[in-house]
Amino acid sequence: MPGTDLEASLGVVARELHDLRFVPELPARGVQAGMIGRSLTVLDGLSADLQPAAWRLTDAPGVDLRRARSLLAQDLDLVEEQWNDHRGLLKQQVAGPLTLAATVELPRGERVLSDHGARRDLAESLAIGIGEHVAGLRRRVPGAEIVVQVDEPMLPAVLSAQVPTASGFGKYRTVHPPEADALLRRVVDAIAGAGARPVVHCCAADVPVALLAGAGFAAIAFDVGVVSPGDPWAEAFEAGTDLWPGVLPTLEPTGEKAVRERLDAFMGRLGFDVQQHAERLVVTPTCGLAGSDDEWSRRGLALLARMAADLSA
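Count the sequence shown with my numbering and you get residues 5 to 317, in order.
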């Protein structure tokens with residue numbers, strides 16, 4: 005969400021969304037509140053510090069990680085204060101193990117992606133931390149059904165060896181699908197084991213649909229404007245993986261008719277009728293609303309809520 009006022013964002017979410025609330029991320033507050041900084045606070049047994057080039061794993065938490073942890077704790081205190089009596093879905097976002105590996109550095113300066121053992125340790129730390137985080141959310145909002153969205157925007161680049169090395173002159177070797185599956189599955193199992201629903205979000209054009217469905221995610225969130233609907237999407241949907249189509253532009257205000265047309269066109273190319281499968285669809289923004297303004301973020305969420313209600317009628 006845009007802006008720096010979490011209380012205001014919680015108010016917007018509560019007013020506009022009834023079936024699925026989410027804990028907002030407000031990256032305008034600084035790197036400590038961004039996707040990577042926020043996710044590092046969840047890790048169990050690993051610490052980090054912010055370096056000029058990127059976040060780096062360290063023996064002890066640096067001042068920026070301590071600030072990130074403090075900020076998240078304050079945010080969750082406010083969520084508990086305002087939403088303690090919420091009955092329904094509550095979503096929390098966290099960066100996935102492959103995206104973290106591609107963006108976070110080892111102590112020597114290379115990305116975690118460069119080291120097989122480090123990738124495994126990071127995924128294990130994330131999995132344990134997510135389980136503890138879900139338990140904390142449940143204590144704060146006991147009536148909520150928790151959904152954990154695992155953000156993996158870097159996954160396609162990791163799989164295709166397109167992540168630059170620290171020098172910029174080379175690319176890290178690919179992480180092959182069996183290893184990627186094992187890392188993702190460890191996180192999925194931790195989420196499900198904590199009693200939450202695991203959902204994955206990837207806003208790239210080449211979403212590895214079969215890999216994500218095979219790893220056990222209950223749903224895949226994506227940008228309908230960049231993916232190519234085809235057999236992998238249809239097969240995953242038929243096999244039971246729900247779809248969260250990103251149909252709402254993040255920056256350009258548009259009307260409900262245009263948004264509905266995007267949804268109908270995508271599902272139509274897969275061979276599925278939207279109305280008949282409405283209970284397995286969640287309409288979303290294409291890739292978050294942090295870059296929008298307060299007015300469009302509010303109107304956009306309201307538009308999606310109306311659209312979802314119409315589909316369910």
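Even glycine gets a Cβ: it sits at the ideal position worked out from N, Cα and C. As the structure is a computational prediction, the values presented were derived from the model and not from experiment.
Q: Could you name the residues of the same chain whose beta carbon sits closer than 6 Å to that of residue 108, not counting the 5 residues immediately before and after it, in chain order?
A: Residue 108 sits at position 104 when you count from the first residue of the sequence shown. Excluding positions up to five away in sequence, the list reads 59 and 116.
- Message: Taking the straight line between their C-alpha atoms, what separation do you get for residue 83 and residue 63?
- Response: Looking up residue 83 in the sequence shown gives position 79. Looking up residue 63 in the sequence shown gives position 59. C-alpha separation (whole angstroms): 31 Å.
Please specify which runs of the beta strand (DSSP E), each continuous and at least 3 residues long, are wholly inside the segment 70-127, giving them in chain order. 92-99
On the premise that residue 187 lies in contact with residue 127, defined as a C-beta separation below 8 Å, what is that separation, rounded to the nearest angstrom?
Locating residue 127 in the sequence shown gives position 123, where the first residue counts as 1. Locating residue 187 in the sequence shown gives position 183, where the first residue counts as 1. Contact flag correct, Cβ pair sits at about 4 Å.
Quiz item: With distances taken from CA atoms, which of 225, 189 and 237 is nearest residue 248?
Solution: By one-based count along the sequence shown, residue 248 stands at place 244. Comparing Cα positions, the closest option is 225.
task = Scan the segment 118-181 and note each continuous beta strand (DSSP E) run of 3 residues or more that stays entirely inside, going in chain order.
result = Assignment of beta strand (DSSP E) within the segment 118-181, counting only whole runs of 3 or more residues, yields 148-155 in chain order.
**Item:** Under the three-state DSSP convention, the category residue 250 falls into
**Value:** Looking up residue 250 in the sequence shown gives position 246. The answer is strand: DSSP assigns residue 250 an E or B state.
Check the DSSP bridge columns for residue 224 and list the partner residues they point to. Residue 224 sits at position 220 when you count from the first residue of the sequence shown. 204 and 247.
Between 159, 97, 173 and 30, which lies nearest to residue 141 when the distance is taken from Cα to Cα?
Reading the sequence shown from its first residue, position 137 is the one you call residue 141. Taking only the C-alpha atoms, the option nearest residue 141 is 97.
*How many whole angstroms separate the CB atoms of residue 274 and residue 241, which I take to be in contact at a CB cut-off of 8 Å?*
Residue mapping note: residue 274 aligns to position 270 of the sequence shown, counting from 1. Residue mapping note: residue 241 aligns to position 237 of the sequence shown, counting from 1. With a Cβ gap of about 7 Å, residue 274 and residue 241 count as contacting.
Mapping DSSP to helix, strand and coil, what is residue 274?
Position 270 of the sequence shown, counted from the start, is the residue given in the question as residue 274. Residue 274 falls in the helix class under three-state DSSP.
Looking at residue 146 and residue 205, is the spacing between their C-beta atoms short of 9 Å?
Against the sequence shown, residue 205 aligns to sequence position 201. Against the sequence shown, residue 146 aligns to sequence position 142. No.
Practice problem: To the nearest angstrom, report how far apart residue 200 and residue 270 are at their CA atoms. | Solution: To locate residue 200, count along the sequence shown from 1; it is residue 196. To locate residue 270, count along the sequence shown from 1; it is residue 266. Their Cα atoms are separated by approximately 28 Å.
- How should residue 245 be labelled, buried or exposed, when 16 other C-beta atoms within 10 angstroms of its C-beta is the threshold for buried? Numbered from its first residue, the sequence shown carries residue 245 at position 241. By the neighbour-count rule (16 or more Cβ atoms within 10 Å), residue 245 is buried.
### Message
Give me the DSSP bridge partner(s) of residue 53.
### Response
Locating residue 53 in the sequence shown gives position 49, counting from the first residue. Paired residue(s): 60.
What is the rounded straight-line gap between the Cα of residue 1 and the Cα of residue 44? Because the chain in this structure spans residues 5 to 317, residue 1 falls outside the shown range and cannot be described.
Could you give the distance in angstroms between the alpha-carbon of residue 167 and the alpha-carbon of residue 208?
-> Taking the first residue of the sequence shown as 1, we reach residue 167 at position 163. Taking the first residue of the sequence shown as 1, we reach residue 208 at position 204. Roughly 14 Å between the two C-alpha positions.
**Distance between residue 180 and residue 8 (C-alpha atoms, nearest Å)** = Your numbering for residue 8 matches position 4 in the sequence shown. Your numbering for residue 180 matches position 176 in the sequence shown. Distance between the alpha carbons of residue 8 and residue 180 is about 39 Å.
Just confirm the distance between the C-beta atoms of residue 132 and residue 48, as a whole number of angstroms; I'd bet it's less than 8 Å. Residue 132 sits at position 128 when you count from the first residue of the sequence shown. Residue 48 sits at position 44 when you count from the first residue of the sequence shown. Confirmed, Cβ separation roughly 4 Å.
Is the beta carbon of residue 42 sitting closer than 9 Å to the one on residue 14? Your numbering for residue 42 matches position 38 in the sequence shown. Your numbering for residue 14 matches position 10 in the sequence shown. For residue 42 and residue 14, no; Cβs fall outside 9 Å.
Q.
Just to confirm before moving on: does the CB-CB distance between residue 150 and residue 94 stay below 9 Å?
A. Locating residue 150 in the sequence shown gives position 146, counting from the first residue. Locating residue 94 in the sequence shown gives position 90, counting from the first residue. Contact: yes.
Report the CB separation of residue 305 from residue 21 in whole angstroms; it is logged as a contact under 8 Å.
Here residue 305 refers to the residue found at position 301 when the sequence shown is read from its first residue. Here residue 21 refers to the residue found at position 17 when the sequence shown is read from its first residue. About 6 Å; that satisfies the 8 Å criterion.
Candidates 37, 276, 265 and 10: closest to residue 308 by CA position: Taking the sequence shown and counting its residues from 1, one reaches residue 308 at position 304. Ranking the options by Cα distance to residue 308, first place goes to 265.
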